[in-house]
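Novice: Okay, here's the structure, questions in a sec.
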Amino acid sequence: METATASGRPSGEAPGYVHGYSAHEARRLGDQADTLSALLHGATAGQDSGSVFPAGARVLEVGCGVGAQTVHLLAASPGVDLTAVDVSAASLAQARERVTARFPRARVRWLRADLHDLPFPGAAFDHLFVCFVLEHLRDPAAALVGLRRVLRPGGTLTVIEGDHGSAFFHPDSAAARAAIGHQVRLQAAAGGDALIGRRLHPLLSAAGYREVTVRPRTVYADQSRPALVEGFTRNTFIAMVEAVRGEALAAGLTTPEEFDRGIGDLRRTAGEGGTFHYTFFKGTAVNPGAPTGRPHQRPPC
3 METATASGRP SGEAPGYVHG YSAHEARRLG DQADTLSALL HGATAGQDSG
53 SVFPAGARVL EVGCGVGAQT VHLLAASPGV DLTAVDVSAA SLAQARERVT
103 ARFPRARVRW LRADLHDLPF PGAAFDHLFV CFVLEHLRDP AAALVGLRRV
153 LRPGGTLTVI EGDHGSAFFH PDSAAARAAI GHQVRLQAAA GGDALIGRRL
203 HPLLSAAGYR EVTVRPRTVY ADQSRPALVE GFTRNTFIAM VEAVRGEALA
253 AGLTTPEEFD RGIGDLRRTA GEGGTFHYTF FKGTAVNPGA PTGRPHQRPP
303 C
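When the letters of the sequence shown are read in order and numbered with this note's numbering, they come out as residues 3 to 303.
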């Protein structure tokens, strides 16, 4: 495995990442990826073949974070030549540690770089994988256009995003829905969009990709699915909403009592008699021809 830093890239963390970079968030991302691996990466009958790339394929994971999805990419496609980029040096270090522990012989190049200014030559990759990244960008459309430059003509793009508007549950609760709404508003204030899943098809089409296909990947958890209740309802979704408590109070969006009531009601959906539903959207597309505009450079070694 190799690690490099793109020259001229700023140090520090990614602006606008509403979830933060705490150890708690790293664990939450891991829980989410492990719980949803089959749902997000597995094949769907009659729809797609899953997140599987052929041996030797040049794959770029854009915004790999702490490597929560990287390990599942490598598990599904062990023979790929993977490059993983992220703007956060700390996240890359965690990602490398996570992947090394699981796949010590995997071919992975790690690079700290801004996805808007990738230091690769045109058409450098056969496939791009972008998971839970667009939701944090101020201009996801521009990012998708820019990514076409490093994807060879005929190469494929896979994008996965959620949509908090798809969350519904029993027992229903206005306080719980308000708490989710606070997270959505805070993410919007940071320049992101927690409702971006519903926009994937028009975003990909407008960016010039072809053969665009977007399909829902639905999570439904009740008492008969205890692993999903624990791994997704409690440890992924509720943990994510609960983590913005301080920001929501500081922004004057709610009171401590109101927010805590909402979290308590969300927890009831993970208890006896509770149910929880959420939809992710997985899009795939083909690059008909990469745009030009940046001088070719040698990839980092």
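In this text, a Cβ means the ideal position worked out from N, Cα and C, and glycines have one as well. As the structure is a computational prediction, the values presented were derived from the model and not from experiment.
1) What would DSSP say about P80, mapped onto helix, strand or coil?
2) Would you kindly work out how many angstroms separate the C-alpha atoms of V216 and G194, rounded to a whole number?
3) On the DSSP letters alone, give me the boundaries of the alpha helix (DSSP H) that T306 sits inside.
4) By Cβ distance below 7 Å, which residues in the same chain neighbour A208 in space, the five residues on each side in sequence not counted?
5) Report the partner residues of A144 according to the DSSP bridge assignment.
6) Between the segment 223-232 and the segment 273-282, do at least 3 Cβ pairs fall closer than 8 Å?
7) Can you give me the start and stop residues for the alpha helix (DSSP H) that P258 sits inside?
8) Could you tell me which uninterrupted beta strand (DSSP E) segments, each at least 3 residues in length, are contained entirely in the segment 155-199, listed from first to last along the chain?
9) By Cβ distance below 7 Å, which residues in the same chain neighbour R270 in space, the five residues on each side in sequence not counted?
10) Closer than 8 Å is the cut-off here; do at least three beta carbon pairs connect the segment 236-247 with the segment 168-187?
11) From the DSSP output, in three-state form, read off F122 for me.
12) Which class does E63 belong to by DSSP, given the choice of helix, strand or coil?
13) How is P228 classed by DSSP in three states: helix, strand or coil?
14) If you check the beta carbons only, do A77 and W112 fall under 9 Å apart?
15) Can you tell me whether DSSP reads E137 as helix, strand or coil?
16) Using the DSSP secondary-structure output, state which residues sit across from G285 in a beta bridge.
17) Just to check my reading of the structure: F131 and E63 have Cβ atoms closer than 8 Å, yes? What is that Cβ distance to the nearest angstrom?
18) Excluding the 5 residues preceding and the 5 following Y211 in the sequence, name in chain order all residues of the same chain whose CB lies nearer than 8 Å to its CB.
19) With a threshold of 16 other CB atoms inside 10 Å of the CB of F170, please say whether the residue is buried or exposed.
20) Between L230 and the rest of its own chain, which residues show a CB-CB distance below 6 Å, the 5 nearest in sequence each way excluded?
21) Suppose contacts are defined by Cβ-Cβ distances below 9 Å. Is A91 in contact with V101 by that definition?
22) According to DSSP, F127 sits in a beta bridge with which residue or residues?
23) Give the single residue among G69, L136, R140 whose Cα lies nearest to the Cα of V110.
24) Just how far apart, CA to CA, sit G81 and E137?
Specialist: Looking at the coordinates:
1) By 1-based counting over the sequence shown, the position of residue 80 is 78. It is coil, neither helix nor strand.
2) The residue given as residue 216 occupies position 214 in the sequence shown. The residue given as residue 194 occupies position 192 in the sequence shown. Each residue's Cα considered, the two are about 20 Å apart.
3) The chain is shown from 3 up to 303; residue 306 falls before or after that span and cannot be answered.
4) Locating residue 208 in the sequence shown gives position 206, where the first residue counts as 1. Once the five neighbours on either side are set aside, the close Cβ partners of A208 are A143.
5) Here residue 144 refers to the residue found at position 142 when the sequence shown is read from its first residue. Per DSSP, none; premise fails for A144.
6) yes
7) Translated into the one-based positions of the sequence shown, residue 258 becomes position 256. Element bounds for P258: 258-270.
8) 170-172
9) Start at 1 with the first residue of the sequence shown, and residue 270 comes out as number 268. Contacts found: P173, G276.
10) yes
11) On the sequence shown, residue 122 is found 120 positions in, with the first residue counted as 1. F122 falls in the coil class under three-state DSSP.
12) Walking along the sequence shown from the start, residue 63 turns up at place 61. Of the three classes helix, strand and coil, the one that applies to E63 here is strand, per DSSP.
13) Here residue 228 corresponds to residue number 226 of the sequence shown, with the count starting at 1. In this structure, P228 counts as helix in the three-state DSSP scheme.
14) Start at 1 with the first residue of the sequence shown, and residue 77 comes out as number 75. Start at 1 with the first residue of the sequence shown, and residue 112 comes out as number 110. No; because the gap between Cβ atoms is not below 9 Å, this pair is not in contact.
15) Along the sequence shown, one-based indexing puts residue 137 at 135. Residue state, collapsed to three classes: helix.
16) As a position in the sequence shown, residue 285 is number 283, starting the count at 1. Bridge partners of G285: V161, V216.
17) Taking the first residue of the sequence shown as 1, we reach residue 131 at position 129. Taking the first residue of the sequence shown as 1, we reach residue 63 at position 61. Indeed, because the Cβ distance is near 5 Å, the residues count as touching under 8 Å.
18) For this step, residue 211 is matched to residue 209 along the sequence shown. Only L146, R150, L159, A287, V288, N289, P290 meet the Cβ criterion.
19) As a working mapping, residue 170 is identified with position 168 in the sequence shown. Exposed: under 16 other Cβ atoms inside 10 Å.
20) Residue numbering aside, residue 230 sits at position 228 when the sequence shown is read from its first letter. Cβ neighbours of L230 beyond the five flanking positions: A223.
21) Locating residue 91 in the sequence shown gives position 89, where the first residue counts as 1. Locating residue 101 in the sequence shown gives position 99, where the first residue counts as 1. No, the pair does not count as a contact, with Cβ atoms beyond the cut-off.
22) Stepping through the sequence shown from its first residue, residue 127 is reached at position 125. In the DSSP output, where bridge partners are listed per residue, F127 has L153.
23) Looking up residue 110 in the sequence shown gives position 108. Nearest C-alpha to V110: G69.
24) Here the question's residue 81 lines up with position 79 in the sequence shown. Here the question's residue 137 lines up with position 135 in the sequence shown. Between G81 and E137, the C-alpha separation is close to 29 Å.
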